[in-house]
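Visitor:
There are 2 protein chains.
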Amino acid sequence: LWHNENIFYAAQDQFKEMLAGYHSPEWIDQRLYDTEIRNLQHFGYGVKGFVLSMIETAIELTEGRVTGSEIQTIVDFGREMLATPVELLPHVEEVVTALSQDYPTMVITKGDLLEQETKVARSGLADLFTAIEVVSAKTPEMYRAVLRRHNINPHHFVMIGNSPKSDIMPIVELGGWAVHIPYHTTWEHELVEKPANQAELYSELEHVGQLPQLIQELSEKQ
Amino acid sequence: LWHNENIFYAAQDQFKEMLAGYHSPEWIDQRLYDTEIRNLQHFGYGVKGFVLSMIETAIELTEGRVTGSEIQTIVDFGREMLATPVELLPHVEEVVTALSQDYPTMVITKGDLLEQETKVARSGLADLFTAIEVVSAKTPEMYRAVLRRHNINPHHFVMIGNSPKSDIMPIVELGGWAVHIPYHTTWEHELVEKPANQAELYSELEHVGQLPQLIQELSEKQ
Numbered sequence: 012l013w014h015n016e017n018i019f020y021a022a023q024d025q026f027k028e029m030l031a032g033y034h035s036p037e038w039i040d041q042r043l044y045d046t047e048i049r050n051l052q053h054f055g056y057g058v059k060g061f062v063l064s065m066i067e068t069a070i071e072l073t074e075g076r077v078t079g080s081e082i083q084t085i086v087d088f089g090r091e092m093l094a095t096p097v098e099l100l101p102h103v104e105e106v107v108t109a110l111s112q113d114y115p116t117m118v119i120t121k122g123d124l125l126e127q128e129t130k131v132a133r134s135g136l137a138d139l140f141t142a143i144e145v146v147s148a149k150t151p152e153m154y155r156a157v158l159r160r161h162n163i164n165p166h167h168f169v170m171i172g173n174s175p176k177s178d179i180m181p182i183v184e185l186g187g188w189a190v191h192i193p194y195h196t197t198w199e200h201e202l203v204e205k206p207a208n209q210a211e212l213y214s215e216l217e218h219v220g221q222l223p224q225l226i227q228e229l230s231e232k233q
Numbered sequence: 012l013w014h015n016e017n018i019f020y021a022a023q024d025q026f027k028e029m030l031a032g033y034h035s036p037e038w039i040d041q042r043l044y045d046t047e048i049r050n051l052q053h054f055g056y057g058v059k060g061f062v063l064s065m066i067e068t069a070i071e072l073t074e075g076r077v078t079g080s081e082i083q084t085i086v087d088f089g090r091e092m093l094a095t096p097v098e099l100l101p102h103v104e105e106v107v108t109a110l111s112q113d114y115p116t117m118v119i120t121k122g123d124l125l126e127q128e129t130k131v132a133r134s135g136l137a138d139l140f141t142a143i144e145v146v147s148a149k150t151p152e153m154y155r156a157v158l159r160r161h162n163i164n165p166h167h168f169v170m171i172g173n174s175p176k177s178d179i180m181p182i183v184e185l186g187g188w189a190v191h192i193p194y195h196t197t198w199e200h201e202l203v204e205k206p207a208n209q210a211e212l213y214s215e216l217e218h219v220g221q222l223p224q225l226i227q228e229l230s231e232k233q
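Protein sequence lines, in the order shown, are assigned to chains H and D.
Numbers 12 to 233, taken from the numbering used here, label the letters of the first sequence in order.
Numbers 12 to 233, taken from the numbering used here, label the letters of the second sequence in order.
Take a look at the structure:
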């Protein structure tokens, strides 16, 4: 719905600049990624976990020589990330407005509860959605629980998202319809093979503006 | 339901020991508390925000001289806190088991989503609850939304908790019944005046074991 990954990449660029005297940007990227993955199970998704991973990476890559004021700067990156205005993707506002008149619409997002609630609130779209669900991970079990809670039959459910791993594969597994709209960057961890066998339950679009026509086609098929 | 605050206090004790060469324990407590309150709106409740506040406090109180390995130790405090086994309070297991047979029971907890979900899962109690709701803050609005979502009339709702600010006052405001069971420590930020006027909607117990009898009395009154 809104720009997100680019906020992480922008902070990561500043982080690499800070450590430029110690290591190459590629190596910093690699070590930060490894730290993030190792920390996922403890810290989950979101800005706070990302900041803690940057701090750990900085300590590791400088062999402890990183200064207090540099660490403070990393924490400040996080606070800035959280304060970044929510910038809707093209077509989102009119498409969500239109679809929400004909269908119940729900945001399912993973990550930090306060962070995601704040984002939805600041997006100006909150009132258009029937429900907003923040989950700790987008697994088939988690989707199943959300759909059950809302009495939604997966066969009548369309998920739209940019992450093959989080938004597409689990839905195809549940028998729902998944619509992939790639974002120009996708975090390495979210990349998986796209669905093959169940291709009839899967669509790919270039941008959100194409969604109403697809939904129209899907509803005529049913 | 389980010990929680003491995990924060234990980490805070280690933190004070680490900075003992710089400042008195009282001053460290005070500065950490101020930092936590300032950060609440950005970072919310939970271990990750607490770790970031400890890091900022350490940088501030050492005027930036805190070392990389000390910062790493603070991050490790956080990981240990998250890994601490969930230790149920006395009577909780039998009381929740008994009450859940007669009434729908729900956990409403604030803080970090992953952290709280993990705790509920590890408590062994998850299956006893009809629902588990993690919220970013325990305000009257948030309780109202949760109760509406579950079609619960506030007048038929009993909230049991240890925090006057988060568990008691908002419920009394909504017209629900609030049962205060003090924990031996309560974070300064959660302390408020107890309800006075609406005293008939409020009970105080010493421990969870006294709850079934109170619920029995309340249900006879209705």
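Every residue gets a Cβ at the ideal spot worked out from N, C-alpha and C, and that includes glycine.
This one's a predicted model, so the numbers in the text were calculated from it and none came from an experiment.
Using the rule of at least 16 other Cβ atoms within 10 Å of the residue's Cβ for burial, across every protein chain shown, is N164/D buried or exposed?
Guide: exposed
Visitor: As a quick exercise: from H195/D, E201/D and V190/D, pick the residue whose alpha carbon is nearest that of E228/D.
Guide: When only C-alpha atoms are compared, the closest one is V190/D.
Visitor: Ignore the nearest five residues each way along the sequence and tell me which others in E217/H's own chain have a CB closer than 6 Å to its CB.
Guide: Cβ within range, chain order: n/a, list empty.
Visitor: Which residues does DSSP list as the beta-bridge partners of Y213/D?
Guide: A189/D
Visitor: DSSP on E144/D, reduced to helix/strand/coil?
Guide: strand
Visitor: Would you please verify whether the beta carbon of H53/H is less than 8 Å from any beta carbon of chain D?
Guide: yes
Visitor: Evaluate contact between the region 19-39 of chain D and the region 62-75 of chain D, counting only Cβ atoms and requiring at least three cross-stretch pairs below 8 Å.
Guide: yes
Visitor: Let me check understanding here. Comparing Cα to Cα, which of P223/H, T150/H and I226/H lies closest to E201/H?
Guide: T150/H
Visitor: CA-CA distance, L43/D and M170/H?
Guide: 43 Å
Visitor: With 16 as the cutoff for other CB atoms within 10 Å, does S80/D come out buried or exposed?
Guide: exposed
Visitor: Counting only beta-carbon separations shorter than 8 Å, does K59/D have a partner in chain H?
Guide: yes
Visitor: For the region 156-188 of chain D, enumerate the residues whose C-beta is nearer than 9 Å to any C-beta of chain H, in chain order.
Guide: R160
Visitor: Hey, does D113/H have any beta-carbon neighbour from chain D nearer than 8 Å?
Guide: no
Visitor: Does any residue of chain H have a CB that is nearer than 8 Å to the CB of R76/D?
Guide: yes
Visitor: Quick one, are the C-beta atoms of N173/H and Y154/H less than 8 Å apart?
Guide: The beta carbons of N173/H and Y154/H sit no closer together than 8 Å.
Visitor: Around the Cβ of S177/D, are there at least 16 other Cβ atoms within 10 angstroms (buried) or fewer (exposed)?
Guide: Classification for S177/D: buried.
Visitor: Could you work out which residues of chain H lie near G79/D, taking near to mean beta carbons separated by less than 7 Å?
Guide: I70, T73, G75, R76 and V77
Visitor: Quick one, which of F140/H, I82/H and E215/H has its alpha-carbon nearest E71/D's?
Guide: I82/H
Visitor: Would DSSP call G172/H helix, strand or coil?
Guide: strand
Visitor: Just to confirm, is the Cβ distance from R133/D to V97/D under 8 Å?
Guide: yes
Visitor: Tell me, please, whether the CB atom of I48/D is closer than 8 Å to any CB atom in chain H?
Guide: no
Visitor: Can you find a CB in chain H that lies within less than 8 Å of the CB of D123/D?
Guide: yes
Visitor: Which value, in whole angstroms, describes the spacing of the CA atoms of V131/D and G60/H?
Guide: 21 Å
Visitor: With a cut-off of 8 Å on the beta carbons, I'd call K121/D and A142/D a contact; round off their distance for me.
Guide: Contact doesn't hold; Cβ gap of about 15 Å is too wide.
Visitor: Between I66/D and chain H, is there a C-beta pair that is closer than 8 Å?
Guide: yes
Visitor: Do you know offhand how far P175/H's Cα is from A94/D's?
Guide: 30 Å
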